[in-house]
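Q: Before I ask anything, here is the structure I am working with.
Chains as they are written, first to last, in full-length UniProt numbering: chain A, 1 to 356; chain B, 1 to 366.
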C-alpha cells in the first residue's frame, strides 16, 4: 500500500515539472542566502575572537557555509532534471540518477535541519568560552609590552565602550585583578609598597576600574577610584552609583549579542529547511509518476505518483535487509563452493520438448 | 552661420531619439541619486545639530533635494518627448513645448552646477558653526540638571569617543572650562575652596579632562587628572606623551568628516551635471533637426541640426533686443498723462466723402 498516492495526468505532470524547475531555482537563491548567513556569522565571531577562549564555535558558521554551497549545487542539478522531466524521452537520461539524487537530497535536508538546531544549542558552549576568554583578557590587560598580548588592552577597552559593559560578570571583577602594570607603579611610594605587600600574591589590587567602564549616561563626571567607599565622593548617592559605570557584565552583553544573531539565523535556516523538504517531496512525486508512465508504456496516459511504494514499515524492513545482505557478503567465507551438495545423477530432469 | 551644424539622415535621427530616450531615463536615476545624497547629508547634519551654532547650512542639502526632484521630473518629461520624436507626426504635439523645455533645462543645469559648487564652499561656514557650537557645548557640559542642556554631556562624551578627539582645538580647551558642576564639588575640602577663590570668576578650573578624552591605544592606564604635572605620575612626561589622550581637536575631526562627505557628493553632482549637459545637447540637436525636416516637408529627407541658428553674438543681440522691447512695452509714457492718444498727429486724413452732397433717395431693394 503506497504512501501518499496521487494520480497525475499528462498536463499535471508537465505543470509539476515546470513548478519544480522554478522552485529549484528559488532554492539555489536560498542556498546562496544560507552561504551568506554563514559568512556573516563567521565574521561576527572572528571580530571578538580574542575574548573567546576557544574557537570551537566556528563549526556552526562552517557548517552553514558548506550547507549553503551544497544546496546551490544540489538544487542547480535538480532544476536541470526537472526541466527535462517534462518530456518522457529526456527523462530516460536521468532515470538512473534520480533515485540516488533523491536519497542524497534527503540526507542533505537532514544536514540543514542539524545546522538550524546547532544555532540554538551553541549557547552553553559560547557562555563557557566567553567566561574563560574574558577572564584571561582581563588578566593580560596590563601586559601591553608582552608580544601576543599587547593588543588586549585596546580590545577590552573597545569592547567595554561598544557593548556598554564592564568586567566579566560585574565591574567588581576589576577589583581582583592587577590592571595597572608594575612599570607605571612608583615603588618608592610607601602607599604603593604597602598595598603590594598586603596582597598574598604580591599583586597591586585596588577598588578602581579602567576608564572604558565609565558610562556616558551619567550626569556627573566619572568616578573610577575608591568605588567601595561612596562616602569619599561628594553627593555620591544611590542613583549616581547606578548611573556612574556600565552595570552589565561583558559576558552577558556578548552572549545576548550572539544569541540574538544565532536565533535569527536559526529561524531563517528552519524556513529554508521546510522549503527544501517541499521541493524534495515534489521531485519524488515527479520521479515516481514518470517511472510509472514508462512502465505503462503510453507517454500520454495517467500515472500514479507516491512517496513510498509500500508502507513505511515494509520499506524500512526491506532497506534493512539490503544493508544486512551487504554486510553478509563482506563476511569472510573463503570458498563459496565448499559443502554445496551437487544434484544426484539419477535426478536429471528430461529436457522439455520445445514447441515452435 | 549656425553653431556646430551636423547633418542628420532619417535613421540617424531615429537612433538619436532612441539613445536620448535611454539617456533621459538614466538621468531620472541620477536625479534620484542626487535626491538621496541630499537627504543623507541633511540627516548627517541634523544628527549633530546640537554641536553646531545657529548658522544656516541646511540650504545645501535642501538645494540638492530640490535639484534631485526637479531632475527626475524634467528628465521624465524629456524621456517622453524623445520617445515621441522618432515619429514626425508625434513630434508636432511637442513642437511648441520643446524650445521652452530646452531653455528651462539649460537654466536647470546651471542650478546643478551651482549646487556642486556650493558643496565645496560650505566648508568655511561649517567651520565657523562648529567652532561656536563646540565652545557652547563644552561650556554647558556640567549643566546636566538644566532642561535644554542636560543631554550635552552625553553628546560631547559620545562625540569624543566616536571621533577620537578631545576638546575644540585640543585637550587644553578643557583646562579653561569648569566641566565639573558645583553640585559634585566637596566644599568642605580646603583645596577645592582655595582653587575656587583663586579664580577671578569663581570657576573651578583644573588641568584635568573628562574620561571620553582617553586614548584606547595608550599602553598605560589613562591619566585624566593633573595632566601638566609630571611629578604627580610615575614615569610620565606630558610634553612627549601623545598616546595618553586623543590629540586631535573635535572641530578638526568633525570638519574632516563632513568635508569628506561633501567632496564625494560634490564630485557626484559635477558628474551628473556633465551628463545632464550632454543629454541637453542631444535634445537640442534632435529638436532643430526635426524642425528642419518639417520645414522641408519630406519626413524621410536629410536635415541639419545645430546648437544655435546664428552665431553666438547675433543670438545674444537678438535675445537682448527681445528683452529690451519687453521692457519698453511695460514703460509708461508720462509726458501725456499716460494717454497714448494725445498729440499723436494723424498720418492720414479720414475720408468722409465730399461736403454738401444732397442726400440721395434711397432705392428700396426687395
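Ideal Cβ placement from N, Cα and C applies to all residues, glycine included.
Distance cutoff 9 Å, beta carbons only. Does residue 247/B sit that close to anything in chain A?
A: Residue 247/B does not count as touching chain A.
Q: Examine the Cβ distances between the region 299-308 of chain A and the region 280-290 of chain A and report whether three or more of them are shorter than 8 Å.
A: Result yes; three or more Cβ-Cβ pairs closer than 8 Å.
Q: For residue 11/A, name the three-state secondary structure that DSSP assigns.
A: Residue 11/A falls in the helix class under three-state DSSP.
Q: Distance check for residue 115/B and residue 49/A, CA to CA, integer angstroms please.
A: In a straight line, the C-alpha of residue 49/A is about 47 Å away from that of residue 115/B.
Q: Can you tell me where the beta strand (DSSP E) with residue 305/A in it begins and where it stops?
A: Start and end: 303-305.
Q: In the structure shown, what three-state DSSP assignment does residue 304/B receive?
A: Reduced to three states, the DSSP call for residue 304/B is strand.
Q: Here's the rule I'm using: 16 or more other beta-carbon atoms within 10 Å means buried, otherwise exposed. How should residue 73/B be labelled?
A: Residue 73/B is exposed by the Cβ-count criterion.
Q: Does DSSP classify residue 142/A as helix, strand or coil?
A: Three-state DSSP puts residue 142/A in coil, outside helix and strand.
Q: Quick one: is residue 227/B buried, meaning 16 or more other Cβ sit within 10 Å of its Cβ, or exposed?
A: Buried, because 16 or more other Cβ atoms sit within 10 Å of the Cβ of residue 227/B.
Q: Closer than 8 Å, Cβ to any Cβ of chain B: which residues of the region 161-184 of chain A, in chain order?
A: Result list: 161, 179, 180, 181, 183 and 184.
Q: Might you give, ordered along the chain, the residues of its own chain that have their beta carbon closer than 8 Å to the beta carbon of residue 258/A, omitting 5 neighbours on each side?
A: Here the set comprises 44, 45 and 126.
Q: Output, in sequence order along the chain, the residues in the region 163-187 of chain B whose CB is closer than 9 Å to any CB in chain A.
A: Hits within the stretch, in order: 179, 180, 181, 183, 184, 185, 186 and 187.
Q: Is there a Cβ from chain B that is less than 9 Å from the Cβ of residue 190/A?
A: No, its Cβ sits nowhere closer than 9 Å to a Cβ of chain B.
Q: Mind checking if residue 161/B is an interface residue toward chain E, Cβ cutoff 9 Å exclusive?
A: Protein chains A and B are contained in the structure displayed, whereas chain E is not.
Q: Evaluate the contact criterion for the region 44-64 of chain B versus the region 294-312 of chain B: three or more CB pairs, one atom per stretch, below 8 Å.
A: Taking 8 Å as the limit for Cβ pairs, the verdict is that the region 294-312 of chain B does not touch the region 44-64 of chain B.
Q: Per DSSP, what are the beta-bridge partners of residue 161/A in this structure?
A: Partner(s): none; residue 161/A has no beta bridge.
Q: Between the beta-carbon of residue 94/B and the beta-carbon of residue 81/B, is there less than 9 Å?
A: Yes; because the gap between Cβ atoms is below 9 Å, this pair is in contact.
Q: Looking only at its own chain, which residues have a Cβ that is under 6 Å from the Cβ of residue 366/B, when we skip the five neighbours before and after it?
A: Confidence at residue 366/B is low in this model, with a pLDDT of 42, below 50, so its placement is unreliable and the value that follows should be read with caution. Closer than 6 Å at the Cβ level, and outside the excluded window around residue 366/B, lies no residue.
Q: Decide if the region 15-30 of chain B is in contact with the region 236-251 of chain B; the criterion is three or more beta carbon pairs, one per stretch, under 8 Å apart.
A: Judged by Cβ distances under 8 Å, the region 15-30 of chain B makes no contact with the region 236-251 of chain B, as fewer than three pairs qualify.
Q: Report yes if the CB atom of residue 139/B is closer than 9 Å to the CB atom of residue 180/B, and no otherwise.
A: Not closer than 9 Å, so no.
Q: Applying the 10 Å Cβ sphere with the 16-neighbour rule, what's the burial state of residue 98/A?
A: Classification of residue 98/A: buried, given that the 10 Å Cβ count is 16 or more.
Q: Within the continuous beta strand (DSSP E) that includes residue 8/B, where are the two ends?
A: Counting along the chain, the beta strand (DSSP E) containing residue 8/B begins and ends at 6-8.
Q: List, in order along the chain, the chain B residues whose C-beta lies closer than 8 Å to that of residue 211/A?
A: Under the 8 Å cutoff, chain B gives 211, 214, 221, 222 and 224.
Q: Since residue 6/B and residue 305/B should fall inside the 8 Å C-beta cutoff, what is the C-beta to C-beta distance between them, to a whole number of angstroms?
A: Sure, about 5 Å apart at Cβ, within 8 Å.
Q: The alpha helix (DSSP H) spanning residue 254/B covers which residue range?
A: Per DSSP, residue 254/B belongs to the alpha helix (DSSP H) from 250-296.
Q: What's the call for residue 202/B, buried or exposed, on a 16-neighbour Cβ count within 10 Å?
A: Result: exposed.
Q: Flag this pair as touching only if the region 212-221 of chain A and the region 123-138 of chain B have three or more C-beta atom pairs under 8 Å; answer yes or no.
A: Contact between the region 212-221 of chain A and the region 123-138 of chain B is absent, because fewer than three Cβ pairs lie under 8 Å.
Q: Report buried or exposed for residue 221/B, applying the criterion of at least 16 other Cβ atoms within 10 angstroms of its Cβ.
A: By the neighbour-count rule (16 or more Cβ atoms within 10 Å), residue 221/B is buried.
Q: What is the C-beta distance between residue 213/A and residue 275/A, in whole angstroms, given that I count them as a contact (C-beta under 8 Å)?
A: Contact doesn't hold; Cβ gap of about 46 Å is too wide.
Q: Mind pulling the chain B residues with CB within less than 7 Å of residue 222/A?
A: Correct list: 211.
Q: Using three-state DSSP, classify residue 165/B as helix, strand or coil.
A: Coil at residue 165/B, not helix or strand.
Q: Give me the residue from 59/B, 67/B, 182/B and 238/B with the minimum Cα distance to residue 36/B.
A: Here the closest residue by C-alpha is 67/B.
Q: CB-CB under 7 Å to residue 312/B, same chain, minus the five flanking residues each way: which ones, in chain order?
A: The answer, listed in chain order, is 3.
Q: Going by alpha carbons, who is nearest to residue 69/B out of 223/B, 39/B, 106/B and 199/B?
A: Answer by Cα proximity: 39/B.
Q: Of all the alpha helix (DSSP H) runs that stay within the bounds of the region 87-139 of chain B, which reach a length of 4 or more residues?
A: Runs found: 88-139.
Q: Is the CB-CB distance between residue 76/B and residue 24/B below 9 Å?
A: Yes.
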